[in-house]
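Enquirer: Below is a structure I'd like to ask you about.
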Amino acid sequence: MIEAPSVSRELAEARQRLLRPLLSDAIAIASCDPLGTPPTPLPEESACLSPNAVEKRIREFAAGRAAAHQAMRALNLRPAPILVGPKRAPLWPAGLTGSISHCDSCALAAVGLAETFTGIGIDVEEDTPLSGNLWDSIASATEQGWMAAQPDPGRAGKLLFSAKEAAYKAQYAISGRFFGFSGMELSFDMSAGRFTACFTSDQPPFSGGDSLKGRFAIGSEVIITAVEIPRSELHP
55 MIEAPSVSRE
65 LAEARQRLLR
75 PLLSDAIAIA
85 SCDPLGTPPT
95 PLPEESACLS
105 PNAVEKRIRE
115 FAAGRAAAHQ
125 AMRALNLRPA
135 PILVGPKRAP
145 LWPAGLTGSI
155 SHCDSCALAA
165 VGLAETFTGI
175 GIDVEEDTPL
185 SGNLWDSIAS
195 ATEQGWMAAQ
205 PDPGRAGKLL
215 FSAKEAAYKA
225 QYAISGRFFG
235 FSGMELSFDM
245 SAGRFTACFT
255 SDQPPFSGGD
265 SLKGRFAIGS
275 EVIITAVEIP
285 RSELHP
């Protein structure tokens, strides 16, 4: 008897399809169900986990790495270890750049060749309202004004949060710099499914006023955001 895919696996695959048009075809994407039994991470990856890691963290870590390995195979590459950096960001193998994100019911990964892309950032969040007590932490006055003008300000806030996460991941691959939510101010074209993330201060090699372009999609109970930075657009 062939086992039917789990509901969460079907959701993970639906969300992978949602992510696909947000990134260039040259970027490979994949998904994995953290509620199932993800493949065991490579030994070097497993060594990055804290011995005190809880089951949920272990499953999310394994699912994220499994999705990234699947994306590597889509690029006709043998899966290689993705270690963990000092700020917990993935350390991609030489010649690759990418991003991993997960929510309770799916893990997504996007991987591209470093000769073509200098930074990739993706984020997936449950499509639920952002708590009002977090608005001041993640949104500027201008951004909160935009949120208030949307049909559902709380869900707009979750979109803003996700888009900032994706933009931050993409720039971090280049700058290696950590900054808070005030480091970028975002604007959205809701009808086109696009957003612009503008740096509010210098984050070398980015200067205040520089911007990154991103895309978003909402469906299958999630919000997905993505930013890619082609090498051709890297600052000198």
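For the sequence shown, the positions run 55 to 290 when the numbering used here is used.
Every residue gets a Cβ at the ideal spot worked out from N, C-alpha and C, and that includes glycine.
(1) Three-state secondary structure (DSSP) at I228?
(2) Okay, do the stretch 234-248 and the stretch 186-206 touch, 3+ Cβ pairs below 8 Å being the bar?
(3) First and last residue of the beta strand (DSSP E) that includes K267?
(4) Nearest by alpha-carbon distance to A122: which of C102, S104, I154 is it?
(5) Over what stretch of residues does the alpha helix (DSSP H) that includes I112 continue unbroken?
(6) Comparing alpha-carbon positions, which option in D79, V281, G118 lies nearest W146?
(7) Ends of the beta strand (DSSP E) at M244?
(8) Need the endpoints of the alpha helix (DSSP H) that D190 sits in, please.
(9) Are three or more beta carbon pairs between the stretch 75-90 and the stretch 161-181 nearer than 8 Å?
(10) What's the C-alpha gap between K267 and L77?
(11) Of the choices C160, A68, A66, D181, whose alpha-carbon is the least far from that of F215?
(12) Based on Cα-Cα distance, which residue from L213, G230, D256, V165 lies nearest to A128?
(13) Please list the terminal residues of the continuous alpha helix (DSSP H) segment that includes P97.
(14) Check whether the Cβ atoms of E179 and A224 sit closer than 8 Å, and answer yes or no.
(15) On the three-state DSSP scale, how would you describe A143?
(16) Considering only residues of the same chain and omitting the five flanking positions on each side of P290, which have a CB-CB separation below 6 Å?
Expert: In short:
(1) Note: I228 maps to helix in three-state DSSP.
(2) The stretch 234-248 is in contact with the stretch 186-206.
(3) 265-273
(4) Cα-wise, what sits closest to A122 is I154.
(5) 109-128
(6) W146 has its Cα closest to that of G118, out of D79, V281, G118.
(7) Taken as a continuous stretch (DSSP letters only), M244 belongs to no beta strand (DSSP E), as it is neither H nor E.
(8) 189-192
(9) Between the stretch 75-90 and the stretch 161-181 there are three or more inter-stretch CB-CB distances shorter than 8 Å, so the stretches are counted as touching.
(10) Their backbone Cα atoms lie some 11 Å apart in a straight line.
(11) D181
(12) V165
(13) 97-100
(14) No, the Cβ-Cβ distance between E179 and A224 is not below 8 Å.
(15) coil
(16) For P290, the predicted model reports a pLDDT of 44, less than 50, meaning its position is unreliable; a value from the coordinates is still stated below. Counting only Cβ-Cβ distances below 6 Å, and skipping sequence neighbours, we find nothing.
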